[in-house]
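Take a look at the structure below.
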Amino acid sequence: MIVIPNLSKRSEAETVLYNKLNFSKNSVNYEKWLQKSNPKYPSSETVRMEIVMILKGLSMATFCPSLALYLMGRQKFDVYCDVGNYGSGYLIFSFFVIWLATDFFEFFYHRMGHMIDVLWDVHKFHHQFYNPTPFAVIADAYLDQLVRASPLLLLPAIMPINMNLLFFQFAIFLYGYGVYVHSGHEFSYPDAHHPVLNTSFQHYLHHAISIKNKPYHTGFFFKIWDQLFGSVFPREKCLCVKCQHAQGQGTREEYDKVEKPDYRVMLQWNFWLNTKTA
0 MIVIPNLSKR
10 SEAETVLYNK
20 LNFSKNSVNY
30 EKWLQKSNPK
40 YPSSETVRME
50 IVMILKGLSM
60 ATFCPSLALY
70 LMGRQKFDVY
80 CDVGNYGSGY
90 LIFSFFVIWL
100 ATDFFEFFYH
110 RMGHMIDVLW
120 DVHKFHHQFY
130 NPTPFAVIAD
140 AYLDQLVRAS
150 PLLLLPAIMP
160 INMNLLFFQF
170 AIFLYGYGVY
180 VHSGHEFSYP
190 DAHHPVLNTS
200 FQHYLHHAIS
210 IKNKPYHTGF
220 FFKIWDQLFG
230 SVFPREKCLC
240 VKCQHAQGQG
250 TREEYDKVEK
260 PDYRVMLQWN
270 FWLNTKTA
């Protein structure tokens, strides 16, 4: 039996947290479910594991940027925080270099995580979240997080760079966009058939069907990398919500049969203390 917290005796912060976790009773509805790539909802235990792995992954995700800032303070890098001596033109040039370089780096390392035995042994942990939520964005093994954050250290080491711009782009294009692509819900625009951008559907599909030596959609932001390497899922087999609805799927009857977990159990200390962690 789930014990519902007495909100009248809780702080404002605890009340906000309760409201955010009150998914199954108020937030899960038919209209939102229609946009969900996987019709099922992950269990509270799975979401809990994602959160635990986020907390573990943060230790590695923050190492490279922390070291970069330390070396910046020691004047080991040619970096700056405003327009600097290089001018606005170089700042714009840097923006696109960072965007394209980090996106290809993410794609290629991710692909190698499926093609090289030792890297697959590391990366496969992330694939237990085959029906991800936004909490899965950095729910990775330590090595994966360390390598994925390494451009924050490598780019300042090889080129003059605006650190504010670098950190901003990582926050938006990697972590911010990562929350979206792990959300498990699709937008009407950009939809799964967008010619340039990877969407939440492509990343859900990657989680659901990519295995060792058979990666699909290891790209993060741009589709071009998967198109060049031949790792695009066949369009004629598309399983996105738009195609499912065109085939008559997503009925109210199907929705009514879906189990809707009550995530409020995650507000109980016993839930966190009595469940084994990885």
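Quick note on numbering: numbering that gives the first Met the number 0 labels position 193 of the sequence shown as 192, and the sequence is numbered without any gaps.
All C-beta atoms, glycine included, are put in the ideal place defined by N, C-alpha and C.
Treat the numbers as computed from the prediction; the structure is a model and nothing was measured.
Quick one: what's got a C-beta closer than 8 Å to residue i's C-beta in the same chain, skipping five residues either side?
{"i": "residue 31", "result": "184"}
{"i": "residue 100", "result": "150 and 154"}
{"i": "residue 244", "result": "33"}
{"i": "residue 178", "result": "133 and 136"}
{"i": "residue 80", "result": "161, 162 and 163"}
{"i": "residue 54", "result": "none"}
With C-beta atoms as the reference, is residue i less than 8 Å away from residue j?
{"i": "residue 40", "j": "residue 257", "result": "yes"}
{"i": "residue 134", "j": "residue 46", "result": "yes"}
{"i": "residue 230", "j": "residue 215", "result": "yes"}
{"i": "residue 48", "j": "residue 145", "result": "no"}
{"i": "residue 232", "j": "residue 102", "result": "no"}
{"i": "residue 137", "j": "residue 56", "result": "yes"}
{"i": "residue 180", "j": "residue 33", "result": "no"}
{"i": "residue 93", "j": "residue 260", "result": "no"}
{"i": "residue 71", "j": "residue 78", "result": "yes"}
{"i": "residue 143", "j": "residue 52", "result": "no"}
{"i": "residue 201", "j": "residue 98", "result": "no"}
{"i": "residue 193", "j": "residue 128", "result": "no"}
{"i": "residue 104", "j": "residue 224", "result": "no"}
Below 7 Å CB to CB, which residues in the same chain sit around residue i once its five sequence neighbours on both sides are set aside?
{"i": "residue 237", "result": "191"}
{"i": "residue 130", "result": "37, 39, 41 and 183"}
{"i": "residue 50", "result": "134"}
{"i": "residue 211", "result": "113 and 119"}
Give the C-beta separation of residue i and residue j to the nearest angstrom, bearing in mind that I take them to be a contact with Cβ-Cβ under 8 Å.
{"i": "residue 37", "j": "residue 203", "result": "6 Å"}
{"i": "residue 122", "j": "residue 113", "result": "7 Å"}
{"i": "residue 110", "j": "residue 228", "result": "7 Å"}
Just verifying my parser: in three-state terms, what is the DSSP assignment at residue i?
{"i": "residue 339", "result": "Given that the chain is displayed from residue 0 to residue 277, the structure contains no residue 339 and the question cannot be resolved."}
{"i": "residue 22", "result": "Because residue 22 carries a pLDDT of 45, less than 50, the predicted location of this residue cannot be relied on, and the following value inherits that uncertainty. Residue 22 falls in the helix class under three-state DSSP."}
{"i": "residue 254", "result": "helix"}
{"i": "residue 161", "result": "strand"}
{"i": "residue 35", "result": "strand"}
{"i": "residue 70", "result": "helix"}
{"i": "residue 136", "result": "helix"}
{"i": "residue 5", "result": "In this prediction, residue 5 has a pLDDT of 48, which is less than 50 and means its spatial position is unreliable; what the coordinates show is noted afterwards. Correct three-state label for residue 5: coil."}
{"i": "residue 172", "result": "helix"}
{"i": "residue 283", "result": "The displayed coordinates of the chain run from 0 to 277. Any statement about residue 283 would go beyond what the structure contains."}
{"i": "residue 221", "result": "strand"}
{"i": "residue 184", "result": "strand"}
Give every residue of the same chain whose Cβ lies closer than 6 Å to the Cβ of residue i, excluding the five residues on either side of it in the sequence, and list them in chain order.
{"i": "residue 155", "result": "67, 76 and 78"}
{"i": "residue 324", "result": "The structure shown has nothing for residue 324, since the chain only spans 0 to 277."}
{"i": "residue 141", "result": "59"}
{"i": "residue 108", "result": "146"}
For the structure I just gave you, are there three or more beta carbon pairs, one from the segment 118–135 and one from the segment 149–169, closer than 8 Å? no
*asked:* Check whether the segment 45–63 and the segment 140–158 touch, using three or more Cβ-Cβ pairs below 8 Å as the test.
replied: yes
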